[in-house]
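> Per UniProt numbering, the very first residue in the sequence shown carries number 1; after that it's consecutive.
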Amino acid sequence: MPRDTLARTRLIGLGQAIGDAHYPPDTAGADQARRRLAFDEIMAFQMAILGRRRHRERDVAGTAVQYSGAAVDGFLSELPFTPTKAQVRCIGEALSDMARGTPPMSRLLQGEVGSGKTLVALTAILAAASDHRQSALMAPTEVLAEQHFVTVGRLLRRPFTVGLLTGSTRAAPRREVLRLASEGHLDLLVGTHALIQDGVELPNLALAITDEQHRFGVAQRTALRGAGPEQPHALMMSATPIPRTLQLTLYGDLDVSTIDELPPGRQDILTRLVPEDKRQAAYRFIRQQVEAGRQAFIICPLVEESENLDVRAATEEHQRLSNEVFPDLNLGLLHGRLSSRQKDQVMRQFRDGDLNVLVATAVVEVGIDVPNATVMMIDGADRFGLAQLHQFRGRVGRGEHRSYCLLMSEAESERARERLSALEASGDGFKLAEIDLQMRHEGDIFGTTQSGDQTMLRIASVFDQDLMALARQEAAAILDADPELTDPKHAGIVAERDRFLARVQDNISD
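1) Whose CA, out of 431, 197, 417, lies closest to the CA of residue 387?
2) Using only the alpha-carbon positions, how far apart do residue 161 and residue 185 sit?
3) Considering only the alpha carbon of each residue, which of 52, 1, 428 lies closest to residue 266?
4) Mind checking residue 511: buried by the 16 CB within 10 Å criterion, or exposed?
5) What does the alpha-carbon distance come out to for the pair residue 45 and residue 495?
6) What did DSSP end up calling residue 61 once you bin it into helix, strand or coil?
7) Checking 8 Å against the spacing of the C-beta atoms, do residue 356 and residue 329 come in under that value?
8) Nearest to residue 120 by CA position, among 109, 293, 79, is which residue?
9) Is residue 463 helix, strand or coil by DSSP?
10) Take residue 439 as the anchor and find which of 426, 419, 87, 1 has the nearest alpha-carbon.
11) Using the C-alpha atoms, what's the distance from residue 234 back to residue 193?
12) Kindly indicate which three-state DSSP category residue 392 falls into: helix, strand or coil?
13) Check for me: the alpha helix (DSSP H) holding residue 79 runs from which residue to which?
14) Nearest CA to the CA of residue 297: which residue from 273, 339, 372, 224?
15) Can you tell which of 358, 433, 292 has the C-alpha that lies nearest to the C-alpha of residue 243?
16) Determine the direct distance from the alpha carbon of residue 487 to that of residue 470, and round the result to whole angstroms.
17) Any idea what DSSP makes of residue 512, helix, strand or coil?
18) Could you tell me the alpha carbon to alpha carbon distance between residue 381 and residue 139, rounded to whole angstroms?
19) I'd like the list of long-range same chain contacts for residue 453, defined as Cβ closer than 6 Å, with 5 residues on each side in sequence excluded.
20) Taking the straight line between their C-alpha atoms, what separation do you get for residue 295 and residue 401?
21) Tell me which residues share the same chain as residue 272 and place their Cβ nearer than 8 Å to its Cβ, disregarding the 5 neighbours each side in the sequence.
22) Can the beta-carbon of residue 300 be found closer than 8 Å to that of residue 312?
23) Could you give the residue range of the beta strand (DSSP E) that holds residue 296?
24) Starting from residue 9, trace the alpha helix (DSSP H) both ways and give me its first and last residue.
25) Going by C-alpha to C-alpha distance, which of 237, 389, 142 sits closest to residue 528?
26) I'd like the span of the alpha helix (DSSP H) that includes residue 125, first residue to last.
27) Return helix, strand or coil for residue 321, following the three-state DSSP convention.
28) Nearest by alpha-carbon distance to residue 206: which of 147, 237, 257, 132 is it?
29) Compute the Euclidean distance between the alpha carbons of residue 270 and residue 464, then round it to the nearest angstrom.
30) In the DSSP assignment, the beta strand (DSSP E) including residue 363 goes from what residue to what residue?
31) Do the stretch 81-97 and the stretch 45-56 meet, that is, are 3 or more Cβ pairs less than 8 Å apart?
32) Helix, strand or coil for residue 421 per DSSP?
33) Determine the extent of the beta strand (DSSP E) in which residue 436 is found, giving its start and end residues.
34) Check whether the stretch 276-293 touches the stretch 411-418, counting contact only when three or more Cβ pairs, one atom from each stretch, lie closer than 8 Å.
35) Taking the continuous beta strand (DSSP E) assigned at residue 259, which residues delimit it?
36) Would you tell me roughly how many angstroms separate the C-alpha atoms of residue 202 and residue 410, rounded to the nearest one?
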């Protein structure tokens, strides 16, 4: 670390910090040592994020989309509902980025399940089409891609053209879609990771959208943007609310748009913590809902039983429920070890009403919209983070029928009960994300870990907000003075940044 940085930040030297971390002279010495080592780690992260942002702003040329205001206004005025103020604000932010052109938009659009992110994306797609530009929308599952395809077809009418490309697309339709796309006749190509395979050409690509962006790695998101000759605008959608205190830290290289209100009429989902001795009553309630024509989810924390964990597992639970509890009902099983095709087949069966109950692991968190599903029963609810539980809950309540979330937990710890009680009391995803952050690591905000222990930060913590701000300030000052980081005194920082990037590459947005 350069001496002037150490002087400004009043941090101790690295050698002393390592020595005092192993053999602290006293509590204050241990704290100082940790503070220095934590700062180094956060500094490497901030150098990577700010460096990436500045590179994009300085060196990456985008395309100015000269869209038709009349086309956008006409589309919004003809909708069968009135967009919320938050949607209108986010649409304005995205269109402003696209009209500017350089640097190209790199924007995260976050909002609750059902908050209307798709409308923002569709308006941006229409704007691009009005300037004879193409868009691509990549979803993590075939079912979600099909869902978007149907929504686009319903809201954007001719002469707007849209194609669908997934792993299940048959050879003849695939050839036709690829031909239309490569000749510039498709305004929008919707699909899964099939969009980034060889042979997909979008010569006029101006907008690349990824839905549930944390489900894709950096390489996949970058490949989607690279599918055309120019650097397109990028819009990344996420239904996982990122706590406001973490947005600058984790997404400092992106602009963030937040839909922080739900459309009117969106129902509250009745959420209850159910003790183990009421399990049979919960099953009876699910049966009543199925007899009334509804459907239900049952979530398990594991795929298969574990000797180390006393929690219910999906495969065994599916078998038990099919044989003992609901022998007369149609039950499906969904977990991460199934192939993509098998997962999509099960989700389609549930969506189409062929299954009464879907037993699943956390894989059901995204990518399935079943308005007829009214019960979300979560076994071992204490095994999941609040943000993830809120995502599960958002899978129901999407239709006209009253919906319910049942939290099953045998956990006796005060901490677990406190977390589940927070979910019972609040339907605000951003508020719950803040509470979750206070209880767990940042890794779990993305649903990437169950325990929060596999975190991007090893010594530092997301609670080090003062260090976060200080490191961001210092990183900005260094990049202002030495944009290319060629000064020899910054060689150590560059090496540390590169080591950090190599370790956490897939967790940093691109």
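We treat Cβ as the ideally placed atom computed from N, Cα and C, and that holds for glycine.
This is what the structure holds:
1) Start at 1 with the first residue of the sequence shown, and residue 387 comes out as number 387. Considering only 431, 197, 417, the residue with the shortest C-alpha distance to residue 387 is 431.
2) Position 161 of the sequence shown, counted from the first residue, corresponds to residue 161. Position 185 of the sequence shown, counted from the first residue, corresponds to residue 185. Distance between the alpha carbons of residue 161 and residue 185 is about 7 Å.
3) Start at 1 with the first residue of the sequence shown, and residue 266 comes out as number 266. Taking only the C-alpha atoms, the option nearest residue 266 is 428.
4) Since the first and last residues shown for the chain are 1 and 510, residue 511 lies out of range.
5) For the purposes of this step, residue 45 is taken as residue 45 along the sequence shown, with counting starting at 1. For the purposes of this step, residue 495 is taken as residue 495 along the sequence shown, with counting starting at 1. Roughly 12 Å separates the two Cα atoms.
6) The residue you call residue 61 lines up with position 61 of the sequence shown. Coil.
7) Taking the sequence shown and counting its residues from 1, one reaches residue 356 at position 356. Taking the sequence shown and counting its residues from 1, one reaches residue 329 at position 329. Yes, the pair counts as a contact, with Cβ atoms nearer than the cut-off.
8) The sequence position of residue 120 within the sequence shown is 120, counting from 1. If we check each option's Cα against that of residue 120, 109 comes out closest.
9) Here the question's residue 463 lines up with position 463 in the sequence shown. Correct three-state label for residue 463: coil.
10) In the sequence shown, counting from the first residue as 1, residue 439 sits at position 439. Comparing Cα positions, the closest option is 419.
11) On the sequence shown, position 193 is the one that residue 193 refers to. On the sequence shown, position 234 is the one that residue 234 refers to. Cα to Cα, the separation comes out at about 16 Å.
12) For the purposes of this step, residue 392 is identified with residue 392 of the sequence shown, where counting begins at 1. Helix at residue 392.
13) As a position in the sequence shown, residue 79 is number 79, starting the count at 1. Residue 79 -> no alpha helix (DSSP H), and no H or E assigned at all.
14) To locate residue 297, count along the sequence shown from 1; it is residue 297. Per the Cα distances, 372.
15) Here the question's residue 243 lines up with position 243 in the sequence shown. Checked all of 358, 433, 292; the closest Cα to residue 243 is 433.
16) On the sequence shown, residue 470 is found 470 positions in, with the first residue counted as 1. On the sequence shown, residue 487 is found 487 positions in, with the first residue counted as 1. Rounded to the nearest angstrom, the gap between the Cα atoms of residue 470 and residue 487 is 21 Å.
17) The requested residue 512 does not occur in the structure, where the chain is confined to residues 1 to 510.
18) As a position in the sequence shown, residue 381 is number 381, starting the count at 1. As a position in the sequence shown, residue 139 is number 139, starting the count at 1. About 27 Å.
19) Residue mapping note: residue 453 aligns to position 453 of the sequence shown, counting from 1. Reliability of the predicted coordinates at residue 453 is poor, the pLDDT of 36 falling under 50, and no value is obtained from them.
20) On the sequence shown, position 295 is the one that residue 295 refers to. On the sequence shown, position 401 is the one that residue 401 refers to. It is roughly 11 Å from the alpha-carbon of residue 295 to the alpha-carbon of residue 401.
21) Looking up residue 272 in the sequence shown gives position 272. Once the five neighbours on either side are set aside, the close Cβ partners of residue 272 are 404, 405, 406, 407, 424.
22) Indexing the sequence shown from 1 puts residue 300 at position 300. Indexing the sequence shown from 1 puts residue 312 at position 312. In this structure, residue 300 places its C-beta atom within 8 Å of the C-beta atom of residue 312.
23) Position 296 of the sequence shown, counted from the first residue, corresponds to residue 296. It spans 295-299 - the beta strand (DSSP E) in which residue 296 sits, taken as one unbroken run.
24) For this step, residue 9 is matched to residue 9 along the sequence shown. Residue range 3-9 is occupied by the alpha helix (DSSP H) that includes residue 9.
25) Absent from the model: residue 528. The displayed extent of the chain is 1 to 510, so no value can be given.
26) Working through the sequence shown from its first residue, we reach residue 125 at position 125. Looking at the DSSP string, the run of the alpha helix (DSSP H) that includes residue 125 is 117-130.
27) By 1-based counting over the sequence shown, the position of residue 321 is 321. Residue state, collapsed to three classes: helix.
28) On the sequence shown, residue 206 is found 206 positions in, with the first residue counted as 1. Residue 206 has its Cα closest to that of 132, out of 147, 237, 257, 132.
29) For this step, residue 270 is matched to residue 270 along the sequence shown. For this step, residue 464 is matched to residue 464 along the sequence shown. Straight-line measurement puts the Cα of residue 464 at about 36 Å from the Cα of residue 270.
30) Here the question's residue 363 lines up with position 363 in the sequence shown. Here residue 363 belongs to no beta strand (DSSP E), and DSSP marks it neither H nor E.
31) By the Cβ test, the stretch 81-97 is not in contact with the stretch 45-56, since fewer than three Cβ pairs between them sit closer than 8 Å.
32) Working through the sequence shown from its first residue, we reach residue 421 at position 421. Helix, per DSSP.
33) Sequence index remark: in the sequence shown, residue 436 carries index 436 (1-based). Boundaries around residue 436 are those of the alpha helix (DSSP H), 429-439, since no beta strand (DSSP E) includes it.
34) Result no; under three Cβ-Cβ pairs closer than 8 Å.
35) Numbered from 1 along the sequence shown, position 259 holds the residue referred to as residue 259. Residue 259 -> beta strand (DSSP E) spans 255-259.
36) Numbered from 1 along the sequence shown, position 202 holds the residue referred to as residue 202. Numbered from 1 along the sequence shown, position 410 holds the residue referred to as residue 410. Approximately 53 Å between the Cα atoms of the pair.
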